[in-house]
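In my numbering, the protein residues as written are 4 to 140.
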(Lines of atoms letter the chains of each structure in order from A; the text may use other names.)
(Lines give C-alpha, C1' and ligand atoms only; values in the text may rest on other atoms or scores of the structure.)
Protein backbone atom coordinates (compact mmCIF):
# COMPACT_ATOMS: atom_id res chain seq x y z
CA UNK A 4 0.00 0.00 0.00
CA UNK A 5 2.79 2.40 0.90
CA UNK A 6 4.54 1.83 -2.42
CA UNK A 7 1.25 2.58 -4.22
CA UNK A 8 0.87 5.86 -2.32
CA UNK A 9 4.50 6.65 -3.11
CA UNK A 10 3.80 5.98 -6.78
CA UNK A 11 0.66 8.14 -6.72
CA UNK A 12 2.37 11.09 -5.03
CA UNK A 13 5.54 10.41 -6.96
CA UNK A 14 3.48 10.23 -10.14
CA UNK A 15 2.63 13.87 -9.68
CA UNK A 16 6.33 14.59 -9.15
CA UNK A 17 7.30 12.48 -12.17
CA UNK A 18 4.67 14.25 -14.27
CA UNK A 19 6.11 17.58 -13.17
CA UNK A 20 9.61 16.33 -13.96
CA UNK A 21 8.65 15.09 -17.41
CA UNK A 22 6.55 18.16 -18.29
CA UNK A 23 9.43 20.52 -17.47
CA UNK A 24 11.88 18.21 -19.28
CA UNK A 25 9.68 17.90 -22.37
CA UNK A 26 9.05 21.64 -22.67
CA UNK A 27 12.74 22.42 -22.17
CA UNK A 28 13.96 19.82 -24.72
CA UNK A 29 11.30 20.81 -27.23
CA UNK A 30 12.37 24.46 -26.92
CA UNK A 31 15.98 23.54 -27.65
CA UNK A 32 17.55 23.03 -24.22
CA UNK A 33 20.29 20.36 -24.05
CA UNK A 34 18.70 17.15 -22.76
CA UNK A 35 20.95 16.84 -19.69
CA UNK A 36 20.23 20.46 -18.62
CA UNK A 37 16.52 19.83 -19.20
CA UNK A 38 16.84 16.66 -17.11
CA UNK A 39 18.29 18.68 -14.23
CA UNK A 40 15.55 21.30 -14.40
CA UNK A 41 12.76 18.75 -14.54
CA UNK A 42 14.33 16.54 -11.91
CA UNK A 43 14.57 19.38 -9.39
CA UNK A 44 10.98 20.50 -9.97
CA UNK A 45 9.67 16.94 -9.70
CA UNK A 46 11.79 16.13 -6.66
CA UNK A 47 10.50 19.10 -4.66
CA UNK A 48 6.89 18.30 -5.58
CA UNK A 49 7.41 14.65 -4.64
CA UNK A 50 9.02 15.48 -1.29
CA UNK A 51 6.19 17.65 -0.04
CA UNK A 52 3.47 15.21 -1.16
CA UNK A 53 5.22 12.05 0.08
CA UNK A 54 6.23 13.57 3.39
CA UNK A 55 2.61 13.98 4.39
CA UNK A 56 0.54 11.48 2.41
CA UNK A 57 2.83 8.46 1.99
CA UNK A 58 4.98 8.51 5.11
CA UNK A 59 2.88 10.66 7.48
CA UNK A 60 5.90 12.66 8.60
CA UNK A 61 5.44 16.19 9.87
CA UNK A 62 8.61 16.54 11.94
CA UNK A 63 12.20 17.41 11.01
CA UNK A 64 11.15 18.96 7.70
CA UNK A 65 14.50 20.56 6.89
CA UNK A 66 16.48 17.45 7.87
CA UNK A 67 14.20 15.23 5.80
CA UNK A 68 14.37 17.63 2.84
CA UNK A 69 18.17 17.54 2.89
CA UNK A 70 18.16 13.72 3.00
CA UNK A 71 15.53 13.60 0.25
CA UNK A 72 17.63 15.91 -1.93
CA UNK A 73 20.77 13.84 -1.31
CA UNK A 74 18.91 10.70 -2.34
CA UNK A 75 17.51 12.60 -5.33
CA UNK A 76 21.11 13.36 -6.30
CA UNK A 77 21.76 9.62 -6.40
CA UNK A 78 18.62 9.17 -8.48
CA UNK A 79 19.59 12.07 -10.74
CA UNK A 80 23.02 10.54 -11.30
CA UNK A 81 21.40 7.24 -12.27
CA UNK A 82 18.96 9.10 -14.51
CA UNK A 83 21.72 11.11 -16.21
CA UNK A 84 23.77 7.96 -16.83
CA UNK A 85 20.78 6.08 -18.23
CA UNK A 86 19.85 9.05 -20.42
CA UNK A 87 23.40 9.28 -21.73
CA UNK A 88 23.45 5.57 -22.60
CA UNK A 89 20.04 5.61 -24.22
CA UNK A 90 20.61 8.84 -26.18
CA UNK A 91 24.31 8.66 -27.05
CA UNK A 92 24.84 4.91 -27.34
CA UNK A 93 21.44 3.61 -28.43
CA UNK A 94 20.47 6.76 -30.41
CA UNK A 95 17.02 7.08 -28.84
CA UNK A 96 15.15 10.37 -28.78
CA UNK A 97 15.77 12.06 -25.40
CA UNK A 98 12.03 12.27 -24.68
CA UNK A 99 11.65 8.49 -25.12
CA UNK A 100 14.85 7.78 -23.17
CA UNK A 101 13.54 9.82 -20.24
CA UNK A 102 10.33 7.76 -20.16
CA UNK A 103 12.36 4.53 -20.15
CA UNK A 104 14.61 5.70 -17.29
CA UNK A 105 11.83 6.88 -14.96
CA UNK A 106 10.59 3.52 -13.57
CA UNK A 107 14.10 2.40 -12.61
CA UNK A 108 14.83 5.63 -10.80
CA UNK A 109 11.45 5.57 -9.00
CA UNK A 110 12.16 2.13 -7.49
CA UNK A 111 15.70 3.17 -6.46
CA UNK A 112 14.54 6.36 -4.77
CA UNK A 113 11.56 4.73 -3.03
CA UNK A 114 13.84 2.14 -1.47
CA UNK A 115 16.36 4.70 -0.28
CA UNK A 116 13.79 7.22 0.97
CA UNK A 117 11.86 4.58 2.86
CA UNK A 118 14.99 3.40 4.65
CA UNK A 119 16.68 6.75 5.20
CA UNK A 120 14.58 9.89 4.76
CA UNK A 121 11.24 8.73 6.13
CA UNK A 122 12.38 6.16 8.66
CA UNK A 123 9.79 6.48 11.46
CA UNK A 124 12.10 5.03 14.09
CA UNK A 125 14.65 7.75 13.48
CA UNK A 126 17.27 5.02 13.33
CA UNK A 127 18.39 4.50 9.76
CA UNK A 128 19.81 1.06 10.54
CA UNK A 129 16.56 -0.36 11.94
CA UNK A 130 13.58 -0.07 9.62
CA UNK A 131 10.77 -2.54 10.02
CA UNK A 132 7.90 -1.43 7.81
CA UNK A 133 8.56 2.17 6.87
CA UNK A 134 5.09 3.11 8.13
CA UNK A 135 4.55 5.71 10.80
CA UNK A 136 3.23 4.12 13.99
CA UNK A 137 -0.09 5.96 13.86
CA UNK A 138 -0.75 4.58 10.38
CA UNK A 139 -0.46 0.91 11.38
CA UNK A 140 -3.68 -1.11 11.43
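For each residue, glycine too, the CB sits at the ideal point set by N, CA and C.
Checklist entry - From residue 20 to residue 124, what distance separates their C-alpha atoms? => result 30 Å
Next on the checklist: Less than 8 Å between the beta carbons of residue 17 and residue 109, yes or no?
Outcome noted: Yes. Within cutoff.
Checklist entry - Quick one: what does DSSP say residue 54 is sitting in, helix, strand or coil? => result helix
Checklist entry - Are the Cβ atoms of residue 75 and residue 46 separated by less than 8 Å? => result yes
Next on the checklist: My output table needs one value for residue 82: the three-state DSSP class, helix, strand or coil.
Outcome noted: Of the three classes helix, strand and coil, the one that applies to residue 82 here is helix, per DSSP.
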